[in-house]
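Visitor: Below: one structure in structure tokens.
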Amino acid sequence: MGIALIAILLLSYISPSDTSVKGYLWLALAILVFLLWGVQAYFMKKANQTMQAESIFFYMMLTGLSLVPVAIGMTDFSQPVNWEFNGPWLAGGIQLLNAIGALTLVYAIRYGKAIIVVPVTAMAPVITIVISLIFYGKIPDPVVITGLCLAVIAIYLMAE
């Protein structure tokens, strides 16, 4: 876990030329997500011992929907809302993929070992970073590359 936290810090390196990032609240939130996903996996494994995977997914969906008022409250309706395909429709498609991923995660944890399943699923953000770097044709700073390598090592070590 220590290597993973170091990887997070290195991946969050902001080059001096990048002026689009301000403050460090986002880093604290990213670390919070890291910790909460670990807690979620623990409780998901525990829940799989007493209830069906479908029920776990249903309750995950229900709690997700209960956060809709929070999302609406965070929306700035004074700004124009994009109702085109690349707005809510694309977001809905992304959420559908997320829901399929969550359902398969519940099943994977039910039938596999959480100590292997969770780190393997943690590889998704690293793959996303690599794909986006290729897509945008950017080569990150050596600090970020070191963070990517440490993240892969941490995931491998956690899965062992």
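Just so we're aligned: 7 in UniProt numbering is position 7 of the sequence shown, and the numbers increase by one with no gaps anywhere. Beta carbons are placed, not taken as given, at the ideal position from N, Cα and C, and that holds for glycine.
1) Put tyrosine 24 into one of helix, strand or coil per three-state DSSP.
2) Considering only residues of the same chain and omitting the five flanking positions on each side of isoleucine 31, which have a CB-CB separation below 8 angstroms?
3) What separation, rounded to the nearest whole angstrom, lies between the Cα atoms of valine 68 and methionine 123?
4) If you run the structure through DSSP and keep just helix, strand and coil, what is glutamate 84?
5) Check whether the Cβ atoms of phenylalanine 57 and valine 106 lie closer than 7 angstroms to each other.
6) Given a cut-off of 7 angstroms, decide if isoleucine 3 and isoleucine 134 are closer than it, judged by their beta-carbon atoms.
7) Would a C-beta distance cut-off of 7 angstroms place tryptophan 130 and leucine 10 closer than the cut-off?
8) In the DSSP assignment, the alpha helix (DSSP H) including glutamine 95 goes from what residue to what residue?
Guide: The relevant details are as follows:
1) For tyrosine 24, the three-state secondary structure derived from DSSP is coil.
2) The beta carbon of isoleucine 31 sits closer than 8 angstroms to those of Leu5, Ile8, all from its chain and outside the five residues before and after it, given in chain order.
3) If you take the alpha carbons of valine 68 and methionine 123, they lie about 28 angstroms apart.
4) Note: glutamate 84 maps to coil in three-state DSSP.
5) Taking 7 angstroms as the cut-off, the beta carbon of phenylalanine 57 is found closer than this to the beta carbon of valine 106.
6) Going by C-beta atoms, isoleucine 134 is not nearer than 7 angstroms to isoleucine 3.
7) The question names tryptophan, yet the displayed sequence has valine at residue 130. Taking 7 angstroms as the Cβ cut-off, valine 130 and leucine 10 do not qualify as a contacting pair.
8) Start and end: 90-111.
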